[in-house]
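In what follows, a single structure is set out as structure tokens and then discussed.
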Amino acid sequence: QVRGVESGGGLVQPGGSLRLSCAASGSIFRLYAMGWYRQAPGKQRELVAGITSGGSENYADSVKGRFTISRDNAKNTVYLQMNSLKPEDTAVYYCNVYRGSVVPTDNWGQGTQVTVSS
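Here the numbering used here runs 1 ahead of the position in the sequence shown, where the first position is 1.
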């Protein structure tokens, strides 16, 4: 079981950038595929990006070309670099294990709020 603590959110203007971090517990973090998810007010939680234990990346169509997921297994940390942010990216961002298109139903942390507004 892997649980992450998210950080790095904040208020940013449209077109700006943020880098989110997820510090994960668990001695076998390196064996897990990890994902970033987000939930906007009134909407369901959705997958943003996933990265396998081998480093293969997958992105939601809405963020392709703007967001980059990466991991540092030595630090048990997953990152989400977000560039060219849009108001529609406003949401609470969470990390959790990555299971392809299936959004996990448990083991969620507090998340980190990202607000894109002028």
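Idealized CB from N, CA, C, for every residue including glycine. Keep in mind it's a predicted model, so treat the numbers as computed, not measured.
Check: Opening and closing residue of the beta strand (DSSP E) in which V79 lies; Outcome: 78–83
Check: Helix, strand or coil at L19 according to DSSP, with G and I counted as helix; Outcome: strand
Check: Buried versus exposed call for R39 [16 or more other C-beta atoms within 10 Å across all chains shown]; Outcome: buried
Check: Other residues of its chain near R67: CB distance less than 6 angstroms, five sequence neighbours each side excluded; Outcome: N84, S85
Check: Check whether G112 and E7 have beta carbons under 8 angstroms apart; Outcome: yes
Check: Spatially closest choice to A24 from G16, S18, G36, G56, by CA coordinates; Outcome: G36
Check: Cα-Cα separation, T78 to S22; Outcome: 7 angstroms
Check: Closest residue to V98 among S26, G11, G10, S18 (Cα-Cα distance); Outcome: S26
Check: DSSP-derived helix/strand/coil call for L12; Outcome: strand
Check: Residue range of the beta strand (DSSP E) that includes N97; Outcome: 92–98
Check: For N108, three-class secondary structure by DSSP; Outcome: coil
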